[in-house]
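Protein chains: 2
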Amino acid sequence: MSHTLGIRQAQKLKTRQALLDAALGLLEEQSLSSLGLREVTREVGVAPTAFYRHFRSTADLGVALVEEALGSLHPMIRTIVSSSGDSDQRIERAVGLIAQHVATHPAHVRFIARERHGGVQSVREAIQDQLARFADEVKVALTKDPVSAGWTDDDLLMLANLYVDQMLMTASLFLDVLEAPEEERRRVTQVATRQMRLISIGRDHWLD
Amino acid sequence: MSHTLGIRQAQKLKTRQALLDAALGLLEEQSLSSLGLREVTREVGVAPTAFYRHFRSTADLGVALVEEALGSLHPMIRTIVSSSGDSDQRIERAVGLIAQHVATHPAHVRFIARERHGGVQSVREAIQDQLARFADEVKVALTKDPVSAGWTDDDLLMLANLYVDQMLMTASLFLDVLEAPEEERRRVTQVATRQMRLISIGRDHWLD
DNA sequence: GGAGTCAGTGAACAACTGTTACCACAACTG
DNA sequence: CAGTTGTGGTAACAGTTGTTCACTGACTCC
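Here the protein sequences come in this chain order: A and B.
Letter 108 of the first sequence, counting from 1, is numbered 108 in UniProt numbering, and no numbers are missing.
Letter 75 of the second sequence, counting from 1, is numbered 75 in UniProt numbering, and no numbers are missing.
Given below as structure tokens:
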């Protein structure tokens with residue numbers, strides 16, 4: 001079933017990935033709109049012109065990075081949102097998963113937080129698209145929950161968006177304290193958990 | 001009481017403001033980390049070297065822009081948070097005020113949303129500082145509210161931060177639909193209002 | 001095994017960048 | 001009114017940028 005790539009195509013993918021990795025590294029300390037193509041190729045150790053074999057522009061590379069950073073996140077979203085247990089347990093698990101993801105993929109998270117409102121339109125749109133898909137998945141999961149009985153479709157989507165935004169806010173918070181002492185990180189975990197809980201309480205009493 | 005400035009100092013302030021305005025304009029379509037000092041001076045019609053008479057670097061200019069964009073916003077925060085009426089009325093007034101502010105100062109709002117997680121550290125820090133001050137003001141106002149009886153200090157700050165983040169999210173939403181048809185903007189207003197309301201409901205039942 | 005494909009190279013281009021040192025001249029200060 | 005201050009201007013610097021063109025040579029396919 002699995003189609004083994006030719007040597008040529010494999011090498012191309014390798015270079016492409018090296019460009020993506022190098023760019024992601026450089027983007028830790030600047031925004032995409034100031035990332036130069038020469039900067040990236042220099043980092044990889046490849047001629048500037050080679051860049052064009054993989055991307056039309058740095059904006060194009062940015063869109064690919066969005067795919068890499070968010071595309072593979074859908075399973076996790078589903079895990080978070082469809083896990084069992086009571087409300088508090090699920091929230092704690094969700095916050096834990098977010099913290100873990102930030103710890104293992106800090107550059108990806110930083111990139112998304114930065115470019116979500118960044119200076120490159122096509123990348124902004126790619127991120128909004130993915131986030132809208134996340135919100136849709138969350139909404140589908142919410143619909144299945146008995147708590148959602150009596151909710152309108154609009155309100156379910158409204159809540160789903162609130163959850164998605166809150167997850168991003170939380171991820172960004174964790175990013176800020178990545179190198180901070182354990183105590184500080186515990187504090188952030190607690191704040192994020194309680195904010196989620198408050199939203200959850202609001203949800204429980206929405207139809208009162 | 002009012003100290004009239006000399007011709008010289010007045011002219012300097014005028015040039016400085018022109019630089020800030022030009023930069024803000026240019027930043028509608030790029031991030032601060034890619035803003036060149038020559039770009040700004042060219043826009044104003046002044047020699048590149050004149051820039052140094054006002055700012056050490058574009059990052060320095062960015063910090064000044066944060067002051068301009070957020071410094072004058074504290075009165076509005078206080079108006080929103082200490083207005084009278086029942087919960088729903090206050091929320092509707094708040095969302096209205098946010099919408100109005102986005103409509104009158106779109107470039108400022110865009111700048112803050114963009115650079116909050118942007119590539120220039122000093123600017124990020126300046127924004128975080130101001131937002132922390134906002135959260136503190138909101139917390140003070142919340143403390144005075146009878147609904148907050150029995151709340152811990154930590155939880156009040158937690159809620160205040162949630163409110164501040166939500167205001168920014170809402171502002172960013174309004175920014176995205178600034179040029180959209182009235183119907184779309186009404187939809188956004190409704191979503192923002194309901195999200196605020198849900199949070200407010202969660203607040204009412206926090207101590208259950 | 002021979003022809004063709006194509007990822008990556010190297011050189012050159014015009015245009016741009018931040019920063020320096022020095023100068024002009026209007027506005028302030030005594 | 002003489003002398004100082006300081007905003008803004010000019011010219012030049014060494015580097016950088018994106019993009020083009022013609023090229024090499026290892027892999028692919030028939």
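A virtual CB, placed ideally from N, CA and C, is assigned to each residue, including glycine.
Buried or exposed: which applies to B:Ser31, given that a residue is buried once 16 or more other Cβ atoms fall within 10 Å of its Cβ? buried
May I ask you to list, following chain order, the residues of the UniProt domain "HTH tetR-type" (13-73) of chain A that have a beta carbon less than 7 Å from some beta carbon of chain B? The residues in question are Glu29, Gln30, Ser31, Ser33 and Ser34.
Could you tell me whether any non-hydrogen atom of the ligand HEM is closer than 6 Å to the CB of A:Val66? Ligands displayed in this structure: none; no statement on the ligand HEM is therefore possible.
Flag this pair as yes or no: are the beta carbons of A:Val120 and A:Leu175 separated by less than 7 Å? no
Start and end residues, alpha helix (DSSP H) containing A:His205: Segment: none, A:His205 is in no alpha helix (DSSP H) and carries neither H nor E.
Taking Cβ positions only, does A:Gln130 come closer than 7 Å to chain B? Judged by the 7 Å Cβ criterion, A:Gln130 is not in contact with chain B.
Assign B:Lys139 to buried or exposed, taking buried as 16 or more other Cβ atoms, counted over all protein chains shown, within 10 Å of its Cβ. buried
Suppose you measure from the CA of A:Met167 to the CA of A:Ile98; what does that come to, to the nearest Å? So the two alpha carbons sit approximately 7 Å from each other.
Can you name the residues of chain B whose CB is closer than 7 Å to the CB of A:Asp165? The answer, in chain order, is Met169.
Would you mind working out which of B:Gln130, B:Asp129, B:Leu159 and B:Gly62 sits nearest B:Ala141, comparing C-alpha positions? B:Leu159
Assuming A:Ser87 is part of the alpha helix (DSSP H), what are its boundary residues? Ser87 to Thr104
Can a CB atom of chain A be found closer than 7 Å to the CB of B:Leu173? no
For B:Phe55, does the three-state DSSP call read helix, strand or coil? For B:Phe55, the three-state secondary structure derived from DSSP is coil.
Sorted by chain position, which residues of the same chain lie with C-beta nearer than 7 Å to A:Ser148's C-beta, five sequence neighbours on each side aside? In chain order, Leu142 and Leu156 place their CB closer than 7 Å to the CB of A:Ser148, counting only its own chain and leaving out the 5 sequence neighbours on each side.
Of the choices A:Val66, A:Arg8, A:Ala10 and A:Ile91, whose alpha-carbon is the least far from that of A:Leu27? When C-alpha distances from A:Leu27 are compared across A:Val66, A:Arg8, A:Ala10 and A:Ile91, the shortest belongs to A:Val66.
Option in B:Ile201, B:Glu39 and B:Asp204 with minimal Cα separation from B:Leu24: Among B:Ile201, B:Glu39 and B:Asp204, the Cα nearest to that of B:Leu24 is on B:Glu39.
Three or more C-beta pairs below 8 Å linking the stretch 89-107 of chain B and the stretch 34-54 of chain B: no
Residue from B:Ala126, B:Ala132 and B:Phe51 with nearest C-alpha to B:Ala18: B:Phe51
Please report the straight-line C-alpha distance between B:Glu179 and B:Thr189, rounded to a whole angstrom. 14 Å
Where A:Gln195 falls, given that 16 or more other Cβ within 10 Å makes a residue buried: buried
Check whether the Cβ atoms of A:Ile77 and A:Glu115 sit closer than 7 Å, and answer yes or no. Not in contact: A:Ile77 and A:Glu115 (Cβ atoms no closer than 7 Å).
Identify, in the order they occur along the chain, each residue of the same chain with its Cβ nearer than 8 Å to the Cβ of A:Val191, setting aside the five sequence neighbours on each side. Only Leu173 meet the Cβ criterion.
Considering just the uninterrupted stretch of the alpha helix (DSSP H) at B:Val123, what are its terminal residues? Gln121 to Lys144
Could you list which residues in chain A have their beta carbon closer than 7 Å to that of B:Asp155, in chain order? Arg194
Quick one: what's got a C-beta closer than 6 Å to B:Thr58's C-beta in the same chain, skipping five residues either side? Leu35 and Leu37
Is A:Ala47 buried or exposed, if buried means 16 or more other CB atoms sit within 10 Å of its CB? Result: exposed.
Between A:Leu198 and chain B, is any beta-carbon pair separated by less than 7 Å? yes
Is B:Ile199 near A:Gly202, with beta carbons less than 7 Å apart? Yes, the Cβ-Cβ distance between B:Ile199 and A:Gly202 is below 7 Å.
Specify, as a first and last residue, the run of the alpha helix (DSSP H) that A:Leu13 falls within. Ile7 to Leu26
Chain-ordered chain B contacts of A:Gly6 [CB-CB under 9 Å]: Close to A:Gly6, with beta-carbon spacing below 9 Å, lies no residue of chain B; the smallest spacing is near 39 Å.
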